[in-house]
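Contents: one structure, followed by commentary.
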Amino acid sequence: MRRRSAPVRTHPAVLSGFSISAPEHSEGTSFCIICALPAVPHVVLHCGHSLCDHCSRRVETCPTCRARIQTRAHYHARTEEIVSSLRYTCDACDFVGTVVEAKRHKCPEASEQRVAEPQPVCSIPQSKRARTSNGNAPPDDSTAARACDRLFRDAASRIQARTVARIRREVAMESSEPTALTRYADPADIGAAVDRLHNDVYRTKKAKAAATRRVARAQAEEMLQAELGSNPKLASNVDAAAYKRRLRAYTNSIVKQKKATNQADGCSPFPVEYNGLISSVGRRQAFR
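Be aware that the sequence shown starts at 1, since it is given in full-length UniProt numbering, and climbs by one per residue.
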């Protein structure tokens, strides 16, 4: 049965910017009697025959004399000698030398080529490049959750401010007109104004609830990851469905705690101006 030849392994001493060529066959170079490749690293069996390290680990007897390999063969210290005989060729000039000479070689043509190449123009602003060069780590989940909460709070505040300003402007325009009392005397106009206020308040409340739930979910995921990390036995018994149930339960618990805290502090997602504006247009129930 014909053996398949092993692939040629590149020695880790290959330098970047150089091309390596195999050494010429000399009398001092050892070759494996199985794969017929240079034995790097070189292994000498107790019977005196040579193998490469890869083939010596796969056989139990010497393929030449059939002597049994009872103990691990010792390495022959010729790796550095074989590596030093390798020839390196510079990719930019006509330099050819050993590994020691290649390390000391400084190619002028490669330096001129690097200077002549145009530098790429970076499209990132200078402020962002400065933050990146300082080695700042990417934001974690808690930082992203806080940023998301801040964005939603800013958006809700802007919506509230625009809504209150529009309602105040409409009320001021209606009060300045002579027919303001007559127009507000119509029940249909009163109902339309109250419904408009109700829709604005509902949108604001929905946006704040969505932002609160996103932040609560991020916090619940951090708590669950910490719990599973501290208890490997529990983590091995939790599957995907159980993980989702625990995450949902933690999220609901955090949302309830936030609602209770807001009620205890007297916080409300709506500005105080809504109560006065609703009472000014009528006593109809605005929150369904």
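All C-beta atoms, glycine included, are put in the ideal place defined by N, C-alpha and C.
One or two residues paired with V96 in a DSSP bridge: T89
DSSP-derived helix/strand/coil call for L38: It is worth fixing the name first, because residue 38 is Pro in this sequence and not Leu. It is a strand residue.
C32 in three-state terms, based on DSSP: coil
Beta-carbon proximity list for A216, same chain, < 6 Å, skipping 5 on both sides: T251, I254, V255
Backbone secondary structure at L151 - three-state DSSP: helix
Cβ-based burial, A220 [other Cβ within 10 Å; buried from 16]: buried
C-alpha gap between C55 and I33, whole angstroms: 9 Å
Cβ-based burial, T132 [other Cβ within 10 Å; buried from 16]: The pLDDT assigned to T132 is 49, lower than 50, so where the model puts this residue is not dependable, and the model offers no usable value.
Rounded C-alpha distance that separates V96 from H105: 10 Å
One or two residues paired with S50 in a DSSP bridge: V44
Which listed residue (A172, S30, A36, K233) has its alpha carbon closest to that of H42: S30
Option in C47, A249, C52 with minimal Cα separation from R66: C47
Residues bridged to T143 [DSSP beta-bridge criterion]: T143 pairs with nothing; no bridge assigned.
Span of the alpha helix (DSSP H), counted from its first residue to its last, around A232: The sequence given here places Pro at residue 232; Ala does not occur at that position. Taken as a continuous stretch (DSSP letters only), the alpha helix (DSSP H) holding P232 covers 232 to 237.
Contact set for T61: own chain, Cβ-Cβ below 6 Å, skip 5 residues either direction: R68
T204 versus S236 - alpha carbon distance: 42 Å
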